[in-house]
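> Chains as they are written, first to last, in this note's numbering: chain A, 1 to 153; chain B, 1 to 153. Structure below; questions to follow.
2 protein chains.
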Amino acid sequence: MRYFEDLQVGAETEFGTYDVTRQEILEFARKYDPQPFHLSDEAAAETHFGRLCASGWHTCAMTMAVLARYAVKHKQAGLGSPGIDELRWLKPVYPGDTLRVHGRIVDKTPSRSRPDIGSYRTETIVTNQDGVPVMRFTSIVLIRRRPEEAAAG
Amino acid sequence: MRYFEDLQVGAETEFGTYDVTRQEILEFARKYDPQPFHLSDEAAAETHFGRLCASGWHTCAMTMAVLARYAVKHKQAGLGSPGIDELRWLKPVYPGDTLRVHGRIVDKTPSRSRPDIGSYRTETIVTNQDGVPVMRFTSIVLIRRRPEEAAAG
Numbered sequence: 001m002r003y004f005e006d007l008q009v010g011a012e013t014e015f016g017t018y019d020v021t022r023q024e025i026l027e028f029a030r031k032y033d034p035q036p037f038h039l040s041d042e043a044a045a046e047t048h049f050g051r052l053c054a055s056g057w058h059t060c061a062m063t064m065a066v067l068a069r070y071a072v073k074h075k076q077a078g079l080g081s082p083g084i085d086e087l088r089w090l091k092p093v094y095p096g097d098t099l100r101v102h103g104r105i106v107d108k109t110p111s112r113s114r115p116d117i118g119s120y121r122t123e124t125i126v127t128n129q130d131g132v133p134v135m136r137f138t139s140i141v142l143i144r145r146r147p148e149e150a151a152a153g
Numbered sequence: 001m002r003y004f005e006d007l008q009v010g011a012e013t014e015f016g017t018y019d020v021t022r023q024e025i026l027e028f029a030r031k032y033d034p035q036p037f038h039l040s041d042e043a044a045a046e047t048h049f050g051r052l053c054a055s056g057w058h059t060c061a062m063t064m065a066v067l068a069r070y071a072v073k074h075k076q077a078g079l080g081s082p083g084i085d086e087l088r089w090l091k092p093v094y095p096g097d098t099l100r101v102h103g104r105i106v107d108k109t110p111s112r113s114r115p116d117i118g119s120y121r122t123e124t125i126v127t128n129q130d131g132v133p134v135m136r137f138t139s140i141v142l143i144r145r146r147p148e149e150a151a152a153g
């Protein structure tokens, strides 16, 4: 299990990739973001998007899929997130794109109120197959402390 | 069609509600956020969540569903969003909850580079059926200017 004590500030990680399909863009948009430019090329052509593109929230979800699979595979003792700062959708995400998720640990802080947990902040950058950043955000993540460290206060 | 010129700074809107089901929580988590506390009551019982709760990104998606349906119904000339600031997941969202989405326009700004569009910021607060805030964020939204206003510069 990877705990708070195992995190190195400044460490960078390649979390993996996600292939974006037209069908999944449409399914997500119909359910959660039925704005015209997320539903058809024709409607998107009338906007700066140019053609069908993914909902920004779908890009978040696909990014989380990459992050969560990594965390589960590496048995990270995560406890969810209280929030996100400065989320920016920098470029549209199109059908056929492959997203690549990169992260860097910005800082980490033991909890003042709970000796068994800590938090850390990571800057996540998502690029497409051309290396162009399409999204970035800073997330705050809660994680368990190593049991013996927590017991030692 | 509702344009930039129709937006009133300080205006508050009730966008609607969304009923959260266990099945949808599980479907979203399996696809996008397979952390144990989003997959079973048993795993969640070992965390501060207490029981199965929705992925925070799922709460974002459900909130967007309410916002997007409102925007489409009211023919708002939206052009997507460049980003989100200070997103906070304040309380867990559980199966059976009903989310209520409330928004307030913080400010609005004509584009300096493109006379046909403007942007505005809204503070979105999502509460559950007990009136408890479960999520808030500030979003930046792009919107078309009324054609005659844009032409007048």
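A virtual CB, placed ideally from N, CA and C, is assigned to each residue, including glycine.
1. Less than 9 Å between CB atoms is the rule here; does T47 of chain B satisfy it with respect to chain A?
2. Run through the DSSP bridge pairs and tell me what D116 of chain A is partnered with.
3. Mind checking who S139 of chain A pairs with in its DSSP beta bridge?
4. Mind reading off the beta-carbon distance from A11 of chain A to I125 of chain A? Whole number of angstroms is fine, and I expect it under 8 Å.
5. Which residues, taken in chain order from the segment 63-96 of chain B, show a beta carbon closer than 9 Å to some beta carbon of chain A?
6. Just checking, does the segment 93-108 of chain B make contact with the segment 56-67 of chain B on the three C-beta pairs under 8 Å criterion?
7. Per DSSP, what are the beta-bridge partners of V134 of chain B in this structure?
8. Quick check on this structure: which residue in B:H38, B:E149, B:Y94 has the alpha carbon closest to the alpha carbon of D130 of chain B?
9. Would you mind telling me which residues of chain B sit closer than 7 Å to A61 of chain A, beta carbon to beta carbon, in chain order?
10. Can you confirm whether F155 of chain B, when its beta carbon is compared against all beta carbons of chain A, has any partner nearer than 9 Å?
11. Can you list, in chain order, the residues of its chain whose CB lies under 8 Å from that of S119 of chain A, leaving out five sequence neighbours each side?
12. Please compile the residues from chain A whose C-beta is within a distance smaller than 8 Å of the C-beta of Q35 of chain B.
13. At what residues does the alpha helix (DSSP H) containing T59 of chain A begin and finish?
14. Can you tell me which of the three DSSP states Y32 of chain A falls into?
15. Going by Cα to Cα distance, which pick from A:R145, A:E148, A:R51, A:R2 is closest to K73 of chain A?
16. Got a sec, what are the start and stop residues for the beta strand (DSSP E) E12 of chain B sits in?
17. What first and last residue would you give for the beta strand (DSSP E) that runs through D107 of chain A?
18. Going along the chain, which residues of its own chain have a beta-carbon closer than 7 Å to the beta-carbon of S55 of chain B, five neighbours each way excluded?
19. For R145 of chain A, does the count of other Cβ atoms within 10 angstroms reach 16, so buried, or fall short, so exposed?
20. Counting only beta-carbon atoms, is F137 of chain B nearer than 9 Å to chain A?
21. Mapping the DSSP letters down to three states, classify R145 of chain B as helix, strand or coil.
22. How far does the alpha helix (DSSP H) with E5 of chain B in it extend, from its first residue to its last?
23. Of the residues A:R114, A:I84, A:D6, A:S40, which one's Cα is nearest the Cα of I25 of chain A?
24. Where does Q129 of chain B sit, in a helix, a strand or coil, going by DSSP?
25. Tell me the rounded alpha-carbon separation between P147 of chain A and L90 of chain A.
26. Among B:I84, B:A77, B:G103, B:G50, whose alpha-carbon lies nearest the alpha-carbon of I117 of chain B?
27. Would L67 of chain B pass as a contact of I84 of chain A if the rule is Cβ separation under 9 Å?
From the atom records:
1. yes
2. Beta-bridge pairing links D116 of chain A to no other residue.
3. A:I84, A:T122
4. About 14 Å separates the two Cβ atoms, so there is no contact after all.
5. T63, M64, A65, L67, A68, R69, A71, V72, G78, L79, G80, S81, P82, G83, I84, D85, E86, L87, R88, W89, L90, P92
6. yes
7. V134 of chain B is not bridged to any residue.
8. B:Y94
9. Y32, W57, A61
10. For residue 155 of chain B there is no data in the structure shown, the boundaries of chain B being 1 and 153.
11. P82, K108, T109, S111, I140, V141, L142, I143
12. A68, A71, V72, G78, G80
13. 56-73
14. helix
15. A:R2
16. 12-19
17. 98-110
18. F28, A29, Y32, D33, H38
19. buried
20. yes
21. coil
22. Neither: E5 of chain B is in no alpha helix (DSSP H) and is coded neither H nor E.
23. A:S40
24. coil
25. 40 Å
26. B:A77
27. no
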